[in-house]
Amino acid sequence: MSTTTDKVRASLGKRYAREKRFRAYGIIAITLSILFLGLLLINIFSKGLPAFTSTYIKLDVTLDAQTLGVTPTDPPEKLRAADYNAAITHSLQTLFPGVDGRIQKKALKSLVSSDAQYELQRRVLADPKLLGTAQTVWFLADDDVDMFHKGYENRTLPEADRRIKDFELQWLDKLEADGRLASKFNTTFFTRGDSREPEQAGILSALVGSIFTMTLTLLFSFPIGVMAAIYLEEFAPKNNIWVDFIEVNINNLAAVPSIIFGLLGLAIFIQIFGAPRSSPLVGSFVLTLLILPTIIIASRAALKSVPPSIREAALGLGASKTQAVFHHVTPLAMPGILTGTIIGMAHAVGESAPLLMVGMVAFIVDVPHSITDPATILPVQIYLWADSPERAFTERTSAAIIILLAFMITMNLLAIVLRKKFERRW
0 MSTTTDKVRA SLGKRYAREK RFRAYGIIAI TLSILFLGLL LINIFSKGLP
50 AFTSTYIKLD VTLDAQTLGV TPTDPPEKLR AADYNAAITH SLQTLFPGVD
100 GRIQKKALKS LVSSDAQYEL QRRVLADPKL LGTAQTVWFL ADDDVDMFHK
150 GYENRTLPEA DRRIKDFELQ WLDKLEADGR LASKFNTTFF TRGDSREPEQ
200 AGILSALVGS IFTMTLTLLF SFPIGVMAAI YLEEFAPKNN IWVDFIEVNI
250 NNLAAVPSII FGLLGLAIFI QIFGAPRSSP LVGSFVLTLL ILPTIIIASR
300 AALKSVPPSI REAALGLGAS KTQAVFHHVT PLAMPGILTG TIIGMAHAVG
350 ESAPLLMVGM VAFIVDVPHS ITDPATILPV QIYLWADSPE RAFTERTSAA
400 IIILLAFMIT MNLLAIVLRK KFERRW
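The sequence shown: position 295 = 294 (numbering that gives the first Met the number 0), numbered continuously.
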């Protein structure tokens, strides 16, 4: 008897030990996951947050009509063609009168961004009365100056190992001592499209393209996905070979690599139907195909979760099958349907591979104004910036990732809120 008891106790001891090890493995796995996630977020935010500020240089610019070659009464076309770069160069040479030699003169002009002359142009076009006056303007600094001012450039390195030369360091020190060098909020990042110059690059065109593409994707995928789910779950004949074939393929499509949908969109929508390449319209078609399986599967699960008694009660009170489904079952399943749709949209907004195949990898400077204009979206913009060799694009890549993460987290939180708000317990 004691032998049997000892064996049972030993067996229980081993089982309890296995359970403890299993719990320990689970805790270790969760801890490592949180640790890696934290390291990833720290890395992204530490690189991306500096992109929300830019370095500016304050210059006193004299808008001399003779230097610019225009008068306040000239038409806008002539004011637009004025030599604003000469006024900026004259301002810089006034600050640093001892600059001599072709290399140093070129470096002096490069302290400010190439957008500086267009900034002056915009101001004069808005108010031609500025001609003949002296204006104090904060100009966007060149990306190398921005990197130096943010501490990415080690001034103790030998001059040959720095992009900022010794004479440029002296200029920047003088500008900072005179209060002419400062960091300000980077409005350019949110108000401009893409650019080859890092300091002028922004996410507005990609953001607008994302809004167009995601809006169309929702308009296409939600009704098609929900109606398909309602038919398959409520009206389709059971044990039918064609219905079974469709259901199997929907489940399989949910696991197909996303780039396959891009190839399908290229072959069908662009080459056969002639949809405009690199447009939000064709991009939304591709993303609709991508997330339809997710929406259909989630919607069917939500419809299946509604108790049969709801259907039986509606039919017992004289409602038709269609009335029972659309007036009683579907509204009760809507929280799950909305949750699946939002999760599918969050999946779509982070996709880039299928959109590369339909041309949305193009270099887009102008903000799209319609669904057929060339456009790109945030994931593709991130991909393009990550592939750029300039150092300043590194922080802009991380900043764009922060914006994308914020958008995706918002969509997932919305799904949780909707589920909690409309959830019914049976």
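Idealized CB from N, CA, C, for every residue including glycine.
Asked: Rounded straight-line distance, which links the Cα of glutamine 322 to that of leucine 316; Found: 11 Å
Asked: Alpha carbon of arginine 195 to alpha carbon of histidine 148, nearest angstrom; Found: 21 Å
Asked: Neighbourhood of isoleucine 26 by C-beta, 7 Å cutoff - its chain only, sequence neighbours within 5 removed; Found: none
Asked: For serine 204 and valine 364, believed in contact at Cβ under 8 Å, the rounded distance; Found: 7 Å
Asked: Status (buried if at least 16 other CB within 10 Å, exposed otherwise) for serine 304; Found: exposed
Asked: Start and end residues, alpha helix (DSSP H) containing lysine 442; Found: No statement about residue 442 is possible, as the shown extent of the chain runs from 0 to 425 and does not include it.
Asked: Alpha-carbon spacing of phenylalanine 188 relative to arginine 418, whole angstroms; Found: 35 Å
Asked: Cβ-Cβ distance between alanine 399 and isoleucine 202 below 7 Å; Found: yes
Asked: Span separating the alpha-carbon of methionine 359 from that of valine 285; Found: 11 Å
Asked: Residue burial classification, phenylalanine 221 (beta-carbon count within 10 angstroms, cutoff 16); Found: buried
Asked: Alpha helix (DSSP H) runs contained entirely in the region 3 to 82, provided each spans 4 or more residues; Found: 64 to 67 and 75 to 79
Asked: Sequence-distant residues of its chain with Cβ nearer than 7 Å to alanine 228 (five each side left out); Found: Ile295, Ser298, Arg299 and Leu302
Asked: Unbroken alpha helix (DSSP H) run spanning threonine 216, endpoints; Found: 203 to 229
Asked: Leucine 130 versus Asp141, Leu139 and Asp82, residue with shortest Cα-Cα distance; Found: Asp82
Asked: Residues that DSSP places opposite leucine 337 in a beta bridge; Found: The partner list for leucine 337 (beta bridge, DSSP) is empty, contrary to what the question assumes.
Asked: In DSSP terms, what valine 136 is bridged to; Found: Leu58
Asked: Per-residue burial, isoleucine 415 [other beta carbons within 10 Å of its own, 16 or more giving buried]; Found: exposed
Asked: Lysine 57 versus leucine 110: straight-line alpha-carbon distance, rounded; Found: 11 Å
Asked: Reference serine 45, options Ser283, Ile381 and Tyr151, closest by Cα; Found: Tyr151
Asked: Proximal residues to serine 308 (C-beta, below 8 Å), its chain only, five neighbours per side dropped; Found: none
Asked: Distance CB(arginine 395)-CB(alanine 200) smaller than 7 Å; Found: yes
Asked: Presumed contact (8 Å Cβ cut-off) between threonine 287 and glycine 339, rounded CB distance; Found: About 14 Å separates the two Cβ atoms, so there is no contact after all.
Asked: Minimum C-alpha distance to methionine 213 - residue among His327, Leu252, Gln270 and Ser278; Found: Ser278
Asked: Cβ-Cβ separation, leucine 139 to tyrosine 55 (assumed contact under 8 Å), whole Å; Found: 6 Å
Asked: Per-residue DSSP class, three states only, for leucine 377; Found: helix
Asked: DSSP bridge partner residues for leucine 383 (one or two, in chain order); Found: Beta-bridge pairing links leucine 383 to no other residue.
Asked: Environment of aspartate 160 [buried if 16+ CB atoms lie within 10 Å]; Found: exposed
Asked: Pick from Glu198, Leu354, Asn153 and Thr93 that is closest to valine 263, judged by C-alpha positions; Found: According to the sequence displayed, residue 263 carries leucine and not valine. That would be Leu354, whose Cα lies nearest to the Cα of leucine 263.
Asked: Cutoff 8 Å; reference methionine 407; Cβ partners in own chain excluding five residues on either side; Found: Ala345, Val348 and Gly349
Asked: Closest by C-alpha distance to leucine 291, when choosing among Ala253, Asp143, Tyr117 and Val136; Found: Ala253
Asked: DSSP three-state assignment for phenylalanine 392, whether helix, strand or coil; Found: helix
Asked: Under 7 Å between C-beta atoms of serine 351 and proline 378; Found: yes
Asked: Candidates Val207, Ala64 and His326: closest to threonine 371 by CA position; Found: Val207
Asked: Pick from Ser257, Phe325, Tyr15 and Ser319 that is closest to methionine 226, judged by C-alpha positions; Found: Phe325
Asked: Secondary structure, beta strand (DSSP E): runs of 3+ residues fully inside the region 118 to 204; Found: 133 to 139 and 180 to 184
Asked: Residue-level contact to chain B via CB, phenylalanine 392, 7 Å cutoff; Found: You won't find chain B in this structure, because it holds only one protein chain.
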